[in-house]
Amino acid sequence: MDNGRKRGRTPLRFGVLGILLVGCLLLAAIVGALALGGDDEPARNPGDAIVYGLTLNPSGFDPHIHQSSELGIPFFSVYDTLVYRHPQTLEFVPGLAERWEMAPDGLSWTFFLKQNVRFHDGTEFNAAAVAANLDRIMNPDVGSQKARVLLDAYTGYEIVDPYTITLRVSQPYAPLLDALSQVYLGIASPAALKANTNNSYQWHQVGTGPYKLDEFVPGRLIRLIRNEDYNWGPVFYAPVVDDSLDTIEFRFYTDPATRSLALESGEVDVVGELLPTDAELLAGNVEVDVHQVPVPGTPQQFFFNTRHAPLDSMTVRQALLYGTNRTEIVDAVYQGRSPIAHGPLTSTVMYYDPAVEQMYPFDLDQARALLASQGLADTDNDGILEWEGEPLELTVVFGPWNQMPDVAQLIQSQWRELGIDVELIQVPDFPSLRQRVRDDDYDVISFYDFGVDPSILNRFYLSGAVNNWSGFSDPQLDQTLYEAMRQTNSDARRTLYSAAQIRIMEQALVLPIREYVNLVGVSSDLDGVVFSAQGWWPLLRNFQLTR
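Mind the numbering: the sequence shown is residues 9 to 555 in the numbering used here, read in order.
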């Protein structure tokens, strides 16, 4: 769909009739412009609109309720957050709060809010608006999947005055500012929330951000238009210039094979999650730039289910780590465009410990020796090890995204060399993946998440944590992670998170594969393409269209 955007990528050839027709159309356009031109509504430059391809159609788009990273691609620009992480320095900078203070005991944070800020519907932003958003997120009937988890130790608030609000926590909680900087804690208009049901609000979202939601056709398009009144953004937002984007239309390209084709044809201006092979082919196209955007958080990984034999043995799990050639996988599947992962965090996360890079180098002999030490042997010479008299088979479960089917097939082949038979089970979506967890129906399962703060480990490795899919419970690790969450001193946090990373890998709870890198294809006509500190979300305010 052209949407009136300037393209100029394919030369046009006209005959005599074509030239006459073009002349008539130009004349009609000029007459129409003269007839419609006025002081009330200036004509829009057709070059200030782009199409942005989304790669997933999530089950929902309300950031207070849903947890997809994809929803933030459009809605990070619809909402402001109380604070932001600077995309370059990762430092916290003012958002809707102009400043904040932590109490000496760490049990409360006071936020001093900006004034003269209005939501897109004209509603005034103030402390009562922040309170209304917190009430909604914490309401169990709303069913928040991520925002409430991010708040964790939060217990309530006190409105000090119309532009000052104090948030209380049950214990010192260092990740609070990081939580408040994410789109899931974006501040919505209380009037819009009140006018809609929890389900219908996602189609009528209203924030204070640099873009407004103009149209939402579920499963088809999301259209944003620039908020002309916006003048309270964070320091890293660029000022509006002639080339700034007036309109962004998001369309869905869930089939990976269609994304590079849409880019090359000019159907879209930006689309992420390109196939690595397509990114290689696009490298020679001067009209397209491929941005390699690191996404901090956990790597793409596989959890070992420690509740099932023989994976309840740390030694067996360690053998599988030694027996997996991650270099081969990353080179074959990702064309070497992603760093190999070595631990439970990516190297772009705060307090990453590079010591994990020395653990578990690929070593088939070591892997075989460890398996043999646990009594695993091929007694009938069929190439498969036996466990308690039965052939050893592991069930590996994964979703269809991020080339995980290709990764799983290579793991299947590599582990077959160790004498382990692998059954691969691909589920269609995240709810199906989570159902496998609820049913405890897996030996190895793939899942990852993103975030800048290393407290993301808590969601995966604390005993009883929501995503503790390894089923591992360790008082020593629990104590380390809880203390790291309470500490506000940077050096103390670094020491604790280093210990946590080493402990997780010593216990061989997870098989890291690669650090996630989003391959984003961008028209060469677009400048100022910058992404948030979290990696996923574009700063649309900074994009400029030069054609």
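Beta carbons are placed, not taken as given, at the ideal position from N, Cα and C, and that holds for glycine.
Item                                                                                                           : Value
Endpoints, the alpha helix (DSSP H) within which R502 is located                                               : 498 to 514
Span of the beta strand (DSSP E) around Y245                                                                   : Segment: none, Y245 is in no beta strand (DSSP E) and carries neither H nor E.
Terminal residues of the beta strand (DSSP E) in which Y140 lies                                               : According to the sequence as given, residue 140 is Ala; it is not Tyr. Careful: A140 lies outside any beta strand (DSSP E), inside the alpha helix (DSSP H) at 135 to 146.
Secondary structure of P307, DSSP reduced to three states                                                      : coil
Segment contact flag, the stretch 329 to 344 with the stretch 415 to 424, C-beta cutoff 8 Å, min 3 pairs       : yes
Short Cβ contact (8 Å threshold) for S532 with E288                                                            : no
DSSP three-state assignment for G536, whether helix, strand or coil                                            : coil
For K202, three-class secondary structure by DSSP                                                              : helix
Any beta strand (DSSP E) of 3 or more consecutive residues that is wholly inside the stretch 427 to 512        : 429 to 434, 452 to 454
Proximal residues to A492 (C-beta, below 6 Å), its chain only, five neighbours per side dropped                : R501, L504, Y505
Touching by the beta-carbon criterion (3+ pairs, under 8 Å), the stretch 109 to 121 and the stretch 252 to 263 : no
Residue span of the alpha helix (DSSP H) that contains V415, given as start and end                            : 412 to 425
Where the beta strand (DSSP E) through L98 begins and ends                                                     : Per DSSP, L98 belongs to no beta strand (DSSP E) and is neither H nor E.
DSSP beta-bridge partners of W108                                                                              : F119
Helix, strand or coil at W395 [DSSP, three-state]                                                              : strand
Cβ pair count under 8 Å reaching 3, the stretch 296 to 314 against the stretch 450 to 458                      : yes
Same chain, Cβ closer than 8 Å to V530, five either side skipped, listed in chain order                        : D277, V278, V296, D297, V298, H299, V537
Nearest residue (CA-CA) to G383, options V324, L432, W211, V191                                                : V324
Bridge partner(s) assigned by DSSP for G556                                                                    : Residue 556 falls outside the range modelled here, since the chain spans only 9 to 555, and no answer is possible.
Length of the line joining the Cα atoms of A270 and G479                                                       : 43 Å
Straight-line gap, T306 to L519 (C-alpha atoms, nearest Å)                                                     : 11 Å
Cβ-based burial, N207 [other Cβ within 10 Å; buried from 16]                                                   : exposed
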